[in-house]
Amino acid sequence: MDLKSYLKDKAAAADAAMDGFLPKANKRPSTIHEAMRYVVFAGGKRLRPVLCLAASEACGGDSNDALAPACAVELMHTYSLVHDDLPSMDDDDLRRGRPTCHKVYSEGMAILCGDALLTESFSVLAKAPSTKRYSVGDYVEELALTGGSLKLIGGQVMDLEGEGKSLTKRELIRIHEAKTAALLMTSLRLGAMAANATPAKLEALTKFGYNLGLAFQVIDDILDVTQSTEKLGKTAGKDEAVNKATYPAILGLEGSRKEAAKYTKAAMKALEPFGKKGERLREIAAYLLQREY
Ligand code: GRG
């Protein structure tokens, strides 16, 4: 299967599973369930579920066993976007090509919607089958660590506290390790765990995810400068408008492109122990380096 069809196929599998997991839109109190579905089914790229499913296959697993973790990481990701867009955070009106949750449903409802998605992510994760090496408790601990104050939330804290300040490259990397790379790493790790991966394979995917995550964020920063709002489905040029520290601001566009290529190369190297089984993940890494939105 070519990469485009593969991405479409895996995203569709995750969408169908999330449709089954989430309460129906008319379930009372319906406003919250409508809001949850509004933000989840808004045309995200589904990169995290795809990585989760592809990691499970790279480790020789059946990707159906990784569907619950794949949905869990997407639900956590969507919660973080809803809260990140709030007026008290990044204050954005557009996400995934649509008005943001608080614009459509009020700020209070958007806070609750994020809370509900975060809670739901653990409920869904708990449905994943355990394996010989990994228990459901291991999955939960993995996701909780990534969602907590040491990773996603900690990254957001550093981001908020860095506003209007000039950050060093090291400080910027620290934010993105926590905000972006951590959830990509956990997506891969949960897929691997659901496939009963050996500790060596899990470690290799952790390295892959770290480098892929940083490459992804450098590209994200580049696209913010070089692409249109229409293409991105979120407000372009936002970073510069709010004087945010970014890779292009620190390294310039050419320097940032080289940085993304450097991280992608390191990500590819981490896949060596997988041989042919790592091919799909290699293709995804190459595709993400070239992405336009
Ligand atoms: C807990 C409020 C709160 C935030 C946690 C992760 C995070 C911190 C905030 C998310 C907002 C953000 C811009 C994160 C950086 C990672 C990133 C580039 C997200 C966009 O991911 P894509 O491009 O989005 O995969 P789609 O919409 O395609 O899923």
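Mind the numbering: the sequence shown is residues 28 to 320 in our numbering, read in order.
Every residue gets a Cβ at the ideal spot worked out from N, C-alpha and C, and that includes glycine.
Self-check item: Spatial neighbours of residue 295 in its chain, beta-carbon cut-off 7 Å, leaving aside the 5 residues before and after
Solution: Cβ-Cβ distances below 7 Å link residue 295 to 309 and 312 in the same chain, with the five nearest sequence neighbours on each side left out; the list follows chain order.
Quiz item: In terms of DSSP beta bridges, what is residue 126 paired with?
Solution: Per DSSP, 121.
Exercise. Classify residue 47 as helix, strand or coil using the three-state DSSP reduction.
Key: Residue 47 sits in a helix when the DSSP states are folded into three classes.
Exercise. With a threshold of 6 Å, establish whether the CB of residue 262 neighbours any heavy atom of the ligand GRG.
Key: No, the beta carbon of residue 262 sits no closer than 6 Å to any heavy atom of the ligand GRG.
Practice problem: Indicate the three-state DSSP secondary structure (helix, strand or coil) for residue 323 in the structure shown. | Solution: In the structure as shown, the chain begins at 28 and stops at 320. Residue 323 is therefore absent and cannot be evaluated.
Quiz item: Beta carbon of residue 180: closer than 6 Å to some heavy atom of the ligand GRG?
Solution: The answer is yes for residue 180.
Self-check item: Rounded distance between the beta-carbons of residue 59 and residue 140, thought under 8 Å
Solution: Their Cβ separation, rounded to whole angstroms, is 6 Å, which keeps residue 140 and residue 59 in contact under 8 Å.
Quiz item: Taking 6 Å as the cut-off, is the CB of residue 129 close to at least one heavy atom of the ligand GRG?
Solution: At a threshold of 6 Å, residue 129 does not count as near the ligand GRG, since its beta carbon sits no closer than that to any of the ligand's heavy atoms.
Quiz prompt | Under the three-state DSSP convention, the category residue 194 falls into | solution = Correct three-state label for residue 194: coil.
Quiz prompt | Where residue 269 falls, given that 16 or more other Cβ within 10 Å makes a residue buried | solution = Counting of Cβ neighbours within 10 angstroms places residue 269 among the exposed residues, the total staying below 16.
Quiz item: Hey, which unbroken runs of the alpha helix (DSSP H) at 4 residues or more fall wholly within the segment 201-254?
Solution: As far as the segment 201-254 is concerned, its whole alpha helix (DSSP H) runs of at least 4 residues are 209-221 and 226-253.
Quiz item: How big is the Cα-Cα spacing for residue 123 and residue 261?
Solution: Going by the C-alpha atoms only, they are around 6 Å apart.
Quiz item: For the putative contact between residue 232 and residue 216, defined by C-beta atoms under 8 Å, what is the C-beta separation to the nearest angstrom?
Solution: The Cβ separation is near 6 Å, so the contact holds.
Exercise. Examine the ligand GRG and report whether any of its heavy atoms sits within less than 6 Å of the Cβ of residue 107.
Key: Taken from the Cβ of residue 107, at least one heavy atom of the ligand GRG lies inside 6 Å.
Quiz item: Should residue 107 go down as buried or exposed, given a rule of 16 or more other Cβ atoms within 10 Å for buried?
Solution: Flag for residue 107 reads buried.
Practice problem: Tell me, please, whether the segment 237-252 touches the segment 198-211 by the rule of three or more beta-carbon pairs shorter than 8 Å. | Solution: Taking a contact to require three or more Cβ pairs closer than 8 Å, the segment 237-252 and the segment 198-211 qualify as touching.
Quiz item: Taking one C-beta from the segment 170-190 and one from the segment 51-71 each time, how about it: are there three or more such pairs within less than 8 Å?
Solution: Of all C-beta pairs linking the segment 170-190 to the segment 51-71, fewer than three are shorter than 8 Å, placing the two stretches out of contact.
Quiz item: Would you say the beta carbon of residue 144 comes nearer than 6 Å to a heavy atom of the ligand GRG?
Solution: No, Cβ of residue 144 sits at least 6 Å from all heavy atoms of the ligand GRG.
Quiz item: When the Cα of residue 116 is compared with those of 164, 180 and 95, which residue comes out closest?
Solution: With distances taken between Cα atoms, residue 116 lies closest to 180.
Practice problem: May I ask you to report which of helix, strand or coil DSSP gives residue 106? | Solution: Residue 106: helix per DSSP, three-state reduction.
Quiz item: Is residue 312 helix, strand or coil when you go by DSSP?
Solution: In this structure, residue 312 counts as helix in the three-state DSSP scheme.
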